[in-house]
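Visitor:
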Amino acid sequence: MNLPALSIRQHVLTLMLSLVLILFGAIAYQRIGVDRLPQIDFPMLSVT
-9 MNLPALSIRQ HVLTLMLSLV LILFGAIAYQ RIGVDRLPQI DFPMLSVT
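For the sequence shown, position 22 matches number 12 in my numbering, and the numbering has no gaps at all.
1. Assign Gly15 to one of three DSSP states: helix, strand, or coil.
2. Do you know offhand how far Leu(-4)'s Cα is from Tyr19's?
3. With Pro28 as the anchor, note down where its alpha helix (DSSP H) starts and where it stops.
4. How many Å lie between Thr4 and Ala16 at the Cα?
5. Whole angstroms is fine: what's the gap from Phe32's alpha carbon to Val10's?
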């Protein structure tokens, strides 16, 4: 049995798994911490 055939026969299971993944993704997206102005150190190269 291959995955596409299983997905077609068990369409409710496929839908529920998709919704769970979307829900976990939305929760993870909200928990990501993002700074508005992050501190960035640019590399410097000196040639003498």
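Glycine is no exception: its CB is placed at the ideal position from the N, C-alpha and C atoms.
Here the structure is a predicted model, which is why all the values come from computation and not from measurement.
Guide: Considering the structure as presented:
1. Numbered from its first residue, the sequence shown carries residue 15 at position 25. Gly15 sits in a helix when the DSSP states are folded into three classes.
2. Translated into the one-based positions of the sequence shown, residue -4 becomes position 6. Translated into the one-based positions of the sequence shown, residue 19 becomes position 29. For Leu(-4) and Tyr19, the distance between alpha carbons rounds to 30 angstroms.
3. What you label residue 28 is simply residue 38 of the sequence shown in a count that begins at 1. First-last for Pro28: undefined, no H or E at that position.
4. Here the question's residue 4 lines up with position 14 in the sequence shown. Here the question's residue 16 lines up with position 26 in the sequence shown. When only Cα atoms are considered, Thr4 and Ala16 end up about 18 angstroms apart.
5. Sequence index remark: in the sequence shown, residue 32 carries index 42 (1-based). Sequence index remark: in the sequence shown, residue 10 carries index 20 (1-based). Here the C-alpha atom of Phe32 lies approximately 40 angstroms from the C-alpha atom of Val10.
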